[in-house]
Amino acid sequence: MATHPASRTLFFFEKPSAMRQLQRFFKSPSTVCVSAEGHLLAAEEPGNVRDEWKPWRFDTLPIVLERIPVTYGTNRSGQSHKPKVEAIKQALQGVERVIIATDPGREGSMIAWEVLEHLGYRGRVDRLKLGALDEVSIRRAFAAMAKEPDSGERDYAAYLEALCRQYEDYHLGLNGTRAISLRLRPPAFREPWRFGGVQTPTLAILADLEKRIRNFVPQDYFKIALVVTTETGAEITLWYAPKDKILDKQVAETIQQAAASWSGPLGVEQRDVRRSPPRLFSKDTLARRCAKRFGWDPQHTAKLAQDLYDQGYLTYPRTESEHLPESQIGDATAVIGSIVGALTDLASLVPATGDLVFRKSSKGHYVKDPGEHHAIVPLRKVPQAVSISADHLRLWELVAKSFLAAHLPDGIDARTTITAQVPTPLGPKRFSISGSVIKSPGWRAVYGAEADEDNETVPGKVKPDEEPTTGRLPPIRDHEPGKAADARIETAKTEPPRRITRGELPVVMGRLVDQVEDPTLKAALENPANPNEPKGLGTAATRDTILPKLQKSQYVELLKGKDPPIQVTDVGLTFISAVRRVFPAYGDPVGRAMFEADLAEIGRASSRTEAIGKAAAYQERTRSRVSELITTIGRSDTVALDPTCVPTPSTADAKPPTKAMIAFATSIAAQRGLKLPRGLKTNSAICRTFLDQHAPQRSSGPARAAQQNGPRPPTDAMARYARSLAEQKGIECPPDVLADFATCRTFLDEYSSKAQHPPEKNRAGTPKGRRPAARAGNNNDKPKRASASVRRPTESRAKDPRRGSRSRTAAFGKDE
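Quick note on this note's numbering: the sequence shown kicks off at 20 and runs consecutively.
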């Protein structure tokens with residue numbers, strides 16, 4: 020870390036908390052430290068780039084920018100990041116070397132590089148990859164940086180990969196959402212049809228599963244029970260229940276009749292079955308376990324893990340790996356010593372000799388190269404119950420127990436299986452029953468009764484039938500003669516696939532290979548660069564943000580349960596069907612995973628020049644796909660959707676309707692003898708839906724001629740737009756506006772022109788609908804914003820002319 024006396028080095032951190040951790044270990048008069056507090060730059064609104072991009076109009080599409088301008092972001096209090104950027108600019112004066120010490124990974128790289136690019140810094144850049152914030156890990160990170168003279172060049176490639184993800188996300192989300200909403204969306208559905216490069220193929224996975232569940236027809240299948248008695252008087256029931264279920268009752272009856280007259284020797288096999296501990300946690304598998312065990316939302320789990328990382332209790336949490344590098348084997352003893360020092364009831368499980376088990380294989384825990392980030396594990400520093408919350412402590416204990424179990428011996432069960440080979444007209448059939456006794460608990464002693472609760476099945480699949488077992492087997496010798504006392508057929512019903520749960524969805528996205536049956540597709544999803552991490556959808560940092568977007572769009576809903584299953588709505592099914600009809604590639608999860616693999620190639624570039632070339636090619640490919648998408652949608656028809664399938668607007672976080680809206684709805688209800696729907700007076704969406712259904716329609720022909728002597732009412736679209744503008748301005752919509760065409764038009768002319776101004780600010784000074792760039796001291800604001808060269812703006816709200824209102828577009832398909 021020594022530098023020339025005349026030179027100055029600037030450390031660029033992501034959060035003040037990480038900066039303080041490192042400042043404990045070094046001090047130098049030639050070193051200056053700055054912290055970004057997340058992303059400091061934000062993209063300009065499209066409407067601020069060009070006026071014609073403010074309203075939603077198909078003739079302005081595609082919206083394509085080679086370089087998207089940026090502005091200063093804001094923190095959660097609405098304060099501009101301009102002073103912080105200016106402070107970094109001042110700090111860079113005279114700096115010859117910048118060491119990027121943001122969180123490891125693409126997003127952390129982008130946080131620093133976007134500011135350096137914006138400020139025009141052209142000096143030397145090195146990358147300090149902090150996999151953990153304890154002293155040992157920090158010193159190792161400095162040593163690794165010293166051995167990699169081109170760390171900055173390689174990090175620039177990671178930065179470009181992140182920017183290209185944002186670039187594609189912006190163009191697909193913005194153009195796709197507007198185009199599909201304007202041309203394909205059914206009139207009955209008022210919300211935008213949000214579209215995104217990752218969320219749309221994720222919805223396709225869920226929709227395909229939903230169709231299989233809805234179309235599932237239960238079938239009877241049959242098992243045959245054979246009750247056997249032995250010459251010693253023992254009695255036992257054996258089963259014939261093959262994996263390929265018996266669906267033909269005549270087949271079952273044939274086997275049952277043969278079994279009823281069986282006699283012969285029984286086979287008894289005794290063997291030890293070894294059960295190795297489960298893998299360590301990745302971000303997604305940790306979210307799945309916490310959802311199942313505690314009922315936590317994956318985003319809640321991610322926040323807790325990030326907090327524990329920031330405080331130096333866990334390693335970097337946004338990882339896709341479930342393995343550790345072999346180089347860290349020497350750390351295990353010290354870490355486990357710290358764990359059992361805190362969880363004293365587990366201390367007796369550690370071998371007195373200190374001999375731990377180190378499993379070195381892809382099926383174990385240690386490999387030569389675990390990927391960009393290794394599995395989530397505890398550090399030597401352990402939390403005290405009084406210093407962290409109960410949820411933080413539960414999460415730390417879960418990770419700590421996993422690490423301890425990974426270094427303890429296998430569990431051993433003594434398993435006995437009794438079999439009978441029954442000759443039948445259909446060939447010999449094996450009837451069997453098994454029983455197990457724990458011979459040695461091994462690692463399972465860490466969990467006790469919980470050890471068997473964590474057997475994870477593949478999400479979205481039918482739960483497999485369990486092997487016939489019994490709690491206690493009678494004493495029977497191998498080859499002991501037996502005779503059938505009874506044989507019967509038992510009927511069961513096939514079950515539909517299980518729904519994917521909230522906690523399982525990130526795992527499904529990351530392990531897409533488990534969801535496909537075609538061997539060719541499975542092979543295509545393999546990742547030669549890292550066989551332990553097959554190709555998938557999105558990144559570990561963003562997968563748990565997709566479900567809230569799908570819920571916001573009313574494509575899916577959560578059912579009841581501790582870890583609630585995800586059900587696709589009719590709107591979601593209709594949307595994905597429309598996407599596949601118009602542009603099948605965007606409804607193909609495997610195709611999307613292959614497309615994302617090209618993004619990873621940018622990050623793996625060996626030089627800045629190579630990365631820039633690959634990034635430019637990828638951006639050009641994105642622009643071509645967007646143009647093709649808009650052209651195809653422009654030739655397509657509106658999708659038909661039964662209005663009764665439109666989900667009821669949620670009362671959560673809804674704005675109340677204006678007094679004029681309530682008064683108008685009340686008068687219509689009184690005139691027509693209708694009952695106001697529940698929530699109408701507190702939820703503007705419910706009130707607006709009621710008015711759309713029951714407000715007087717504009718008439719034509721003779722009926723319209725009969726109204727010539729009275730006032731001409733505005734069209735439904737005009738009335739809706741007027742109510743929306745009034746709501747936006749926080750004023751009451753005058754009754755005359757909703758009753759008279761000319762008055763309504765004057766009102767619209769006056770207020771719609773005002774609506775063309777830049778987005779109004781909320782109390783904190785943040786444009787409404789825009790999420791602040793970052794939260795001080797917290798890195799859980801990811802997915803992160805784009806940057807100077809390929810920046811994706813976040814549209815706050817935009818008017819949809821088919822709705823007559825402005826729709827939030829934090830969900831303009833934004834995935835990454």
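Note that beta-carbon positions come from the ideal geometry of N, C-alpha and C, so glycine has one too.
Small disclaimer: the values here were computed from a predicted structure and weren't measured.
For residue i, the nearest candidate out of the options (CA to CA)
i: residue 184; options: 686, 217 and 204; result: 217
i: residue 494; options: 761, 538, 453 and 119; result: 453
i: residue 755; options: 690, 747, 165 and 682; result: 682
i: residue 459; options: 706, 697, 386 and 295; result: 295
i: residue 333; options: 402, 314 and 268; result: 402
i: residue 500; options: 181, 284 and 419; result: 284
i: residue 51; options: 733, 38, 234 and 77; result: 38
i: residue 56; options: 186, 464, 63 and 99; result: 99
i: residue 312; options: 741, 537 and 416; result: 416
i: residue 10; options: 736, 225, 769 and 760; result: The chain is shown only over 20 to 835; residue 10 falls outside these bounds and no answer can be derived.
i: residue 58; options: 91, 624 and 164; result: 91
i: residue 655; options: 239, 631, 601 and 130; result: 601
i: residue 124; options: 504, 101, 80 and 170; result: 170
i: residue 299; options: 211, 386, 197 and 72; result: 386
i: residue 640; options: 190, 543 and 738; result: 190
i: residue 212; options: 344, 572, 119 and 357; result: 572
i: residue 523; options: 389, 229 and 563; result: 563
i: residue 320; options: 557, 515, 521 and 368; result: 521
i: residue 106; options: 591, 127, 120 and 134; result: 134
i: residue 659; options: 156, 491 and 207; result: 207
i: residue 440; options: 629, 502 and 111; result: 502
i: residue 374; options: 423, 301 and 346; result: 423
i: residue 603; options: 223, 247, 465 and 371; result: 223
Residue i classed as buried or exposed, judged by whether at least 16 other C-beta atoms fall within 10 angstroms
i: residue 703; result: buried
i: residue 689; result: exposed
i: residue 26; result: exposed
i: residue 593; result: buried
i: residue 275; result: buried
i: residue 195; result: buried
i: residue 837; result: It is not possible to answer for residue 837, since the shown part of the chain is limited to 20 through 835.
i: residue 45; result: exposed
i: residue 692; result: exposed
i: residue 363; result: exposed
i: residue 456; result: exposed
i: residue 210; result: buried
i: residue 448; result: buried
i: residue 267; result: exposed
i: residue 65; result: buried
i: residue 710; result: buried
i: residue 172; result: buried
Nearest-angstrom beta carbon gap, residue j and residue i [assumed within contact, 8 Å]
i: residue 679; j: residue 751; result: 4 Å
i: residue 354; j: residue 398; result: 7 Å
i: residue 598; j: residue 588; result: Rounded, the Cβ-Cβ distance is 15 Å, inconsistent with contact.
i: residue 139; j: residue 392; result: The pair is not a contact, with the Cβ atoms about 31 Å apart (cut-off 8 Å).
i: residue 554; j: residue 636; result: Actually they do not touch by this definition, with Cβ atoms about 19 Å apart.
i: residue 533; j: residue 477; result: 5 Å
Bridge-paired residues (DSSP) for residue i
i: residue 258; result: 244 and 451
i: residue 577; result: 585
i: residue 52; result: 30
i: residue 239; result: 512
i: residue 430; result: 294
i: residue 438; result: 286 and 451
i: residue 116; result: 28 and 143
i: residue 463; result: For residue 463, which the question treats as bridged, DSSP gives no partner whatsoever.
i: residue 505; result: 246
i: residue 708; result: The partner list for residue 708 (beta bridge, DSSP) is empty, contrary to what the question assumes.
i: residue 62; result: 89
i: residue 492; result: BP columns for residue 492 are empty, so no partner.
i: residue 385; result: 343 and 379
i: residue 520; result: 584
i: residue 457; result: 432
i: residue 99; result: 93
heavy atom of the ligand ZN below 7 Å from residue i C-beta
i: residue 342; result: Looking at this structure, you won't find the ligand ZN or any other ligand, since it has none at all.
List in chain order: all unbroken alpha helix (DSSP H) runs of 4+ residues lying wholly within the stretch 633-704.
Within the stretch 633-704, the complete alpha helix (DSSP H) runs of at least 4 residues are 678-691.
Complete beta strand (DSSP E) runs within the stretch 173-199 (minimum length 3 residues, chain order)
None, since the stretch 173-199 contains no complete beta strand (DSSP E) of that length.
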